[in-house]
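First the structure, in the form of C-alpha cells, and then the observations on it.
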Amino acid sequence: MFSIWTESTDPPLLKGVYITDLQGSLFEIKPYNPIVDTLTYPLLFPNGDDGFHEKFPFNTNKIPPKSVKNHSEDSGSDDELEETPTSKKYISFRDYIRYRLAIRKDEPLHNIWSAGGGLSQKFTLDYAARIDAQVASFLRQPQFNLLKTIPPTILKHLANDGRLKSVDDITSVVFFRKYHPGTRPYFQDMFYDATTIMSRTRRKGCASFMLTFTSNPNWPEIKRNFLHKNQKLVDRFDVMCRVYEDKKRKLTDLINNKNILGKILGSAQSREFQKRIGGPHLHRVYTTDLEATPENISNIIWAHIPPNPPDSDTSDWANFLRKVRDLLPKFQVHDCGSHCRGHDGRCMKHFPKAFCRQTIIHANRPAEYYRPSPEDGGEVLSVPRGRAVIKYDNSRIVPYNPFIMVMFQSHHNLELAYGQTDNLKYALKYPFKGPSFSYIKNTAGTINIDEPAQYAKMLYRSPAEAFSRIQSYKYADLSHAVIPLSIHLPGNQPVFMTPASRNQIIADVGQGKYPESKLTAYWKLWAKDNNVKNILFENLPETYAFHDDTKTWEPRKYKTVKGQPVLGRIYTVSPRADPEKFALYVLTKHFPGDPDHLLTVNGIKYTTFAEAARQRGLFEDSSVWERTLREGSYSLTPSQMRQLFVNILVFSSTDDCVIDALHLWNMFIDHFFDRRCTEDQRPIRIDRALAIIERYLLANGKSMSDYGLPLPHNSLTDDPDTAVDQFFFPQHINDDDTDATADTSSLVSATLNPEQNNFFDLIVNSIRDPNSAKLYFLSGDGGTGKTFLLNYLLFHLRRLGHKVLATASTGIAATKFYAGGMTLHSAFRFGINHRPGQIPQIQFGSYFGRRIIESDVVIIDEITLLEMTLLENVDLLCRTMVPSKRDIPFAGKVVILSGDWKQSLPVVKNCSIPEMAVPVCIQSSYLYKMFLKTRLMQNMRLQPSEIQFKEWLYNLGINTSGDKIALPKSMMVETRDELISFVFDQGFTIHSSQLLTRLMLAPTNRSVDLNNDLILASFNSQSRDYYSVDRSLTDDPLDPYAAQQDVSYINNLTPSGLPAHHLHLKVGSVIVLLINLNTSKGLCNGTRLKIIALRDHLIEAETIYGVNQGVTVGLSRVRMQHQDPEPDGVSFVRLQFPVRTAFCMTITKAQGQTCERLGIDFSDEPFAHGQLYTALSRCTNSNFIRVFAPNKPKDNDGNTLITNVVARGLQFD
C-alpha cells in the first residue's frame, strides 16, 4: 500500500470524519478530536480508547534526557536527534504517534497494529500525512509570515509619505525551511552543502567513494520478529526500518571510526526507499586520505569472483574467500532482468561489464575494476535457477567490498568517485535527487510562491518511508556543519519585520540605522583585524562564530558544532536577476575584503562591482578584448598581434557575445604591420596585414565578411584560384622578421638511404603512372627517418608541381611537417563526432572543396590513433567530390598512411580493454587491405651501443616478452623528487631549446598533476592567478537540480580538454595548449610553451616544440564549451586561457615527441595499448631514462616489473 497526493490548487486539508446518528443526521468530528482514531480504525482500537489531543502533558520524569529523541516542535528540524527537551509542556502529534508505534513487551492490545496488515499500512501512512499537513498549516500561520524587504524599499516608502497602501505590499513568500526533510529546498540545500564539503575536504590524488547500501529482507533479525511465520515483510515495515537503522549505525562506525576505506575526511549521505516493498537504502559519498592508486583501489573494491582455495587450505583467509564466493550469487550478481532493461532491450545498468586485466583509474570517467575474463583465468560461478544452472562470470559482478558483504550480508555497490571535484557531480546528485515534483509558473501580478502546496502536489510515499518520517530517521546526513551565508549589496541587507516590530524598524532605517548582517559584520572585522585579511567570507565560519545577540564575528571557542567541523557556504546569486549583486558574489567568492577593497583593482577604485569584476577577469564584456590587444601591443610583434587578433575573433566570439572586430582593427591598426616604413608604403603594409589575417581566418573556415572587416586587394575570397595555390604551395607574405619562409635547406641537399629512396621512387612513379598502385602504408620504428621521409616527399612533390594535402591525426603531429601541415579533421572539415557514411556538406567550387578535388596526394600521419570510420568517410568524401572517379578508392588519389602500430590506438568510449580498440582502428577497415605496406628498418639515429635497446623496445612493443616487463635497476629512482632532479638537472631557468630536450611522462592525469604541482611549488618567480568566466547553458530556476547550475558549482568542474577555472601560473613554467590555434604556426593541442610574461589579460609564451620552436606568441582567453551527454548533465561555456601546466604530460599527448632526457612516473601502471612502448621510445638512449614506480613487484634480480599492455589481434606490419 502507498499514499499519493495528486495535484490540486491547495494541499490536502486536514479533514476529520463524518458520522450519522440513529436518526441519520450527519456530524463532523474534527481531525484532532480524541475519538477520530477510534472511529476510523475500530479494529486497531478495540477498547475505544482516546487518540491524540492537544493537551497531552509532556512528562520528563520518566525519561532520561539523553534518551529522549527529537521532542522539538514538528515544524523544526525533525532530523536532529539527541536534543534535550527543556521547555515542552505538551507532547506533539509526532510524539504521540511514536508512542503508539513503539513495541513493548506484555502489551498485546497496544501492539495490535503490528498484526493489522494493509490496515496497519494505511494507519501509518495516514499519520505521516497528518504530520505533514500539520507542518504545512504551521508554516502558513499569519503570525509567522515575516515581511522581508531591503532598506531602499523602506526609504522609498518613507519618501512617498507612506502613500503606498501598506508595507504589506512587499510580497511575502511562504517557503518550506531547508531543514524540513523531503522537500525540494531541503534536497537542494543538502546538495549545495554536500558539494561544499566535498570540494573543501577532498585532497588531490586521494580516493573518494560512493557507497549504496541496501536492506536485506531475509536478515534473521527481521524474520524472528514476525508475529507468525506467514506474516509478510510489507506488513512489518517497522521491523525492517528499525533493523536497517541498527545496521546503518554499525556500518557508519566501521567506515568513520574503524577506517576500513581509509581515514574519512568528509561525507554526505541520503536515504531512499524502494518503490516495490519500500525497503530503505542509503547512498553515501566519502572523501578519504587514501591515495588513489590502482593497487589501493583493487584492495578495497572487488568486481571479480575470488579463486576457490584448495580444500587443504583451512586458513582464515581461505575460509573468508569461500564465504565471499557463497554470498556473491545472492547479493552481487546482476542478471539483467526485465526490470532493468530499457525500451531498446539493453541493460540500463550497462551489464555485462567489459572484462579488464587490471584496475584502471580514469580522470574523466568511471574506473574500470579488475575483471579477468575466463580466457585470462577469471572464475565462473554456476548458480542453480530453478531447473537450470546459469553461469556467471566477472562481467556480471556488481563492485563490492568483501568485508562489508560478509559482515552485513546484503547487496551493496561500492564505486570510486572518479576524477577531480567536478566528477563527484553524479555521485552527489544521485543521493540528493529527492522526490519528483511538478512546478507551475505564474506570471500574473505579484507571485506568492507557496512551496508547501507544491510539496503536497506530487508526493509518493510507502509505509516504510512514512514510518521513517514518523521516527525522524534522517533523510540526509553530512559530516560537517555548513553555515549558510548571504550576499547583499552595501546598504541592501535584508530587513525582517513582524506586525509588532514593523513601525520601529521602519523608523530606524529612516534614521540610517541599518540592521547588521553576517556580511556587514565580516566587512567590519576585515577592516580592523589583520588576522582576517586573507580569509574569504565563506571560510570565516571555520575559525569565527557569528553571535546573533551582538551581531559580531568572534573567534570560535569550539571547532565543531554538534560534534561536526564547521564550513561556510554562500547562497548562490542569479546573474540575470541582479548583475551587480552577482558581481559582488563572484568577487567575494574569490577575494577577501570589504566593498572598498573589492572595488579597487590595480590601485584604481571603480564605481561598480561589475566593472571591478571585469577588470579582474571574472566578468566578460567587449572591452576585455580591447584591453587584451592593448597589453599585447606593448611587447608583441605585428605578426604576433595579427595572430592574437585572429584568435580573439575565431575562438572568443559567439552569437551571444559578438566582438566588434572593425572597432578593434581601427583601434590597433598601427600594431598589425611593421611601422618602419614611409607614409607611401603604409597602405601597402596595411593591405598585407589584411591579407595575412584573411588567410588565417580562411584556414579556420571564416571570412573577413563574417566580422565586418575590410577586404584586402586581390582578396582570396574573390580569387579562390590564388587561395588554393597558396594553400598547396605555401609562401609567406613577408611583413617582418617573424614571417620568414621555413628553412628547407636540409630537404634540398638531403640524401636518402636505399629504403627511403625506394619508397620515394614508388610514390613518384605512382603519380606518373595512372595504372600503378595508389595506396601506401609507411611504418618504421623511431630513428628510421619516417618523418624526414614524409617531409622530403612533401617538399619535392611540391617542387614538381604536385598538390599535396599533408595531414595528421593530431595537431602536434601535423606540426612535424615543414610547412602546410594540418589535422585530418580540419583538412576534410569533419566535426568532433562522426558516424559511418556521414560526411560534411562541402560545395564543389568552394575553397575547401577545391582543396580536396585538386589534391594529387594525401598524406595522413600517426594513423594508428584514427578510427576506421574516419578513413572510410575520407574515402567517401573524396569519391563524392570527384564524381568521375567515384568507383576508385579515394577517387584515384595517391594516399600515404604513416604510423607505428606499437603506439596508441583509438580511444574507445568508456572502455579500456586493449582488444576493444582493434575492431575500430584502421586495421579493421576493408580499405586497409588495399594499402601496400612498407616498413623502414635502417635506423638513422641510434648509436651502436643503443642497438640492443632498440631491439628490446621492438620486442616490448609487439609483446614477445610477456605482460610484465622487467625494467633494469639502473633505470629506476626511489622518489618523485629524484625523478624531477634527473630530468631537469640544470634547473628550470634554462633556455627553451634545452627545455625541449627534457620530458616527463605519466599514464594518468592524476600522476601528471601531482608532478606538475610539485615542480611549480619549487618555482620562485612572478606568479599570477587567472579565473575563468563560466556560464551555464541550462538556466531553469525551477530545475530540481538548480544547485548544479550555480556558477560556483560550475567553477569546480574541469571536464577533459578544458582548462581549470583557477589557473595558478608562474613566469618560466612550462604550459601546454589545449586547442588548435594555428597549426601552421605550431600552435596546436599538445604544443608546449615556456611562459615569458603574465599580464592581466594576456600570457606571453615561447614555443619549445616543433618547426616554430622559439617563437613568441600572445595567448588570450578563449571560449570553450562543454556539452554533457547525460540528460540531466551540466553543460556550460568557459572563458579562460586554453592552457595547463605541462612539465609533466600524459603519454598519449607526448606521442610523436622526442627528447634527450626522459623521466616516467609509473605510480599508476600503463593501462592502454602501447603506453609503455610509447613512453620509453621518446628517448633513444636508455642511459638518459629514469622511471619512478613505487610499490611495484620485482623479479629475482631486483628489476621492477611493469605491466605491458598490447592489444591481441593487432598486426605489426
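Each residue of the sequence shown is one higher than the one before, counting from 334 in my numbering.
Ideal Cβ placement from N, Cα and C applies to all residues, glycine included.
For residue i, the three-state DSSP class (helix, strand or coil)
i, result
"Gly409", "Reliability fails at Gly409, whose pLDDT of 39 lies under 50, so the model's placement of it is uncertain and the value that follows must be treated cautiously. Coil, per DSSP."
"Val934", "strand"
"Val991", "coil"
"Phe915", "helix"
"Pro1526", "coil"
"Ser1112", "strand"
"Tyr860", "The identity of residue 860 in the sequence shown is Ala, whereas the question assumes Tyr. Reduced to three states, the DSSP call for Ala860 is helix."
"Ile1359", "First, the amino acid is wrong: residue 1359 is Tyr here, not Ile. Strand."
"Asn1007", "It should be pointed out that residue 1007 corresponds to Asp in this sequence rather than to Asn. Correct three-state label for Asp1007: coil."
"Lys1107", "coil"
"Lys1262", "helix"
"Ile1493", "strand"
"Val1446", "strand"
"His1455", "strand"
"Asp1102", "coil"
"Arg674", "strand"
"Phe924", "coil"
"Thr1536", "strand"
"Tyr725", "strand"
"Cys1211", "helix"
"Val983", "helix"
"Asp1072", "With a pLDDT of 45 at Asp1072, under the threshold of 50, the predicted position of this residue should be treated as unreliable, and no value is reported."
Member of the options whose CA lies at the smallest distance from the CA of residue i
i, options, result
"Gly710", "Leu977, His695, Ala721 and Asp726", "Asp726"
"Thr534", "Asp622, Trp552, Lys583 and Pro613", "Asp622"
"Ala878", "Pro817, Thr1011 and Gln1176", "Pro817"
"Phe532", "Ser645, Ala750, Leu372 and Ser425", "According to the sequence displayed, residue 532 carries Ser and not Phe. Nearest C-alpha to Ser532: Ala750."
"Pro1087", "Gln1271, Arg720, Met1305 and Glu708", "Gln1271"
"Met1000", "Val1446, Lys890, Ser956 and Asp1189", "Ser956"
"Gly1113", "Asn563, Asp1296, Lys1482 and Lys1235", "Lys1235"
"Phe1545", "Leu1269, Ala721, Arg1339 and Arg802", "Leu1269"
"Gly1178", "Met1155, Asp1054 and Phe1060", "Asp1054"
"Ala1152", "Glu953, Thr1077, Asp810 and Pro375", "Thr1077"
"Leu1289", "Arg949, Val1539 and Ile730", "Val1539"
"Thr1197", "Ile1186, Thr1143 and Arg1183", "Thr1143"
"Arg1184", "Gly1170, Cys1211 and Ile1535", "Cys1211"
"Val1241", "Gly1225, Met1201 and Ile1229", "Met1201"
One or two residues paired with residue i in a DSSP bridge
i, result
"Tyr877", "Pro888"
"Ile1404", "Leu1422 and Thr1474"
"Glu361", "Tyr351"
"Trp635", "Tyr733"
C-beta neighbour in chain D for residue i, strict 8 Å
i, result
"Arg674", "No chain D appears in this structure, which consists of one protein chain only."
beta-carbon residue i near the ligand COA non-hydrogen atom, thresh 7 Å
i, result
"Ala651", "With respect to the ligand COA, the structure offers nothing, as it holds no ligand at all."
Check whether the segment 798 to 814 touches the segment 588 to 608, counting contact only when three or more Cβ pairs, one atom from each stretch, lie closer than 8 Å. When Cβ pairs closer than 8 Å are counted between the two stretches, the segment 798 to 814 is seen to touch the segment 588 to 608, the count reaching three or more.
Counting pairs of beta carbons, one from the segment 962 to 975 and one from the segment 861 to 871, are three or more of them closer than 8 Å? Contact between the segment 962 to 975 and the segment 861 to 871 is absent, with fewer than three C-beta pairs closer than 8 Å.
Decide if the segment 735 to 742 is in contact with the segment 649 to 667; the criterion is three or more beta carbon pairs, one per stretch, under 8 Å apart. At 8 Å Cβ cutoff, the stretches touch.
Would you be able to state if there are at least three C-beta pairs under 8 Å between the segment 558 to 578 and the segment 620 to 637? Too few Cβ pairs lie closer than 8 Å, so no.
Whether or not the segment 1216 to 1234 and the segment 1158 to 1175 are in contact is what I'm after, with contact meaning three or more pairs of Cβ atoms, one per stretch, closer than 8 Å; do they touch? In the pairwise beta carbon analysis, the segment 1158 to 1175 is classified as not touching the segment 1216 to 1234: fewer than three pairs are separated by under 8 Å.
Could you check whether the segment 1218 to 1234 touches the segment 1105 to 1117, counting it as contact only if at least three pairs of C-beta atoms, one from each stretch, sit closer than 8 Å? Contact between the segment 1218 to 1234 and the segment 1105 to 1117 is present, because at least three Cβ pairs lie under 8 Å.
Going along the chain, which unbroken runs of the alpha helix (DSSP H) with 4 or more residues stay wholly within the segment 806 to 854? Here the runs fully enclosed are 835 to 843.
What residue ranges within the segment 555 to 610 form continuous alpha helix (DSSP H) runs of no fewer than 4 residues, ordered along the chain? Counting whole runs of 4 or more residues, the segment 555 to 610 contains the alpha helix (DSSP H) stretches 570 to 589.
Taking three-plus beta-carbon pairs below 8 Å as touching, is the segment 578 to 594 in contact with the segment 712 to 725? They do not touch, by the three-pair rule.
Determine, using beta-carbon pairs with one atom in the segment 1092 to 1105 and one in the segment 1125 to 1144, whether at least three such pairs fall under 8 Å. Contact between the segment 1092 to 1105 and the segment 1125 to 1144 is present, because at least three Cβ pairs lie under 8 Å.
Are the segment 1478 to 1489 and the segment 1182 to 1193 touching, with three or more C-beta to C-beta distances below 8 Å? Output reads no: the segment 1182 to 1193 does not touch the segment 1478 to 1489.
Pairing CB atoms from the segment 1379 to 1390 with CB atoms from the segment 943 to 950, are three or more of them under 8 Å? In short, these stretches do not touch, since the Cβ pair count stays below three.
Inspect the CB distances between the segment 546 to 556 and the segment 1403 to 1418 and report whether three or more fall short of 8 Å. At 8 Å Cβ cutoff, the stretches do not touch.
Segment contact flag, the segment 1418 to 1428 with the segment 1493 to 1509, C-beta cutoff 8 Å, min 3 pairs: Judged by pairs of C-beta atoms under 8 Å, the segment 1418 to 1428 does not touch the segment 1493 to 1509, as fewer than three such pairs exist.
Should the segment 1301 to 1313 be called in touch with the segment 1515 to 1528, which here means at least 3 C-beta pairs below 8 Å? These segments touch.
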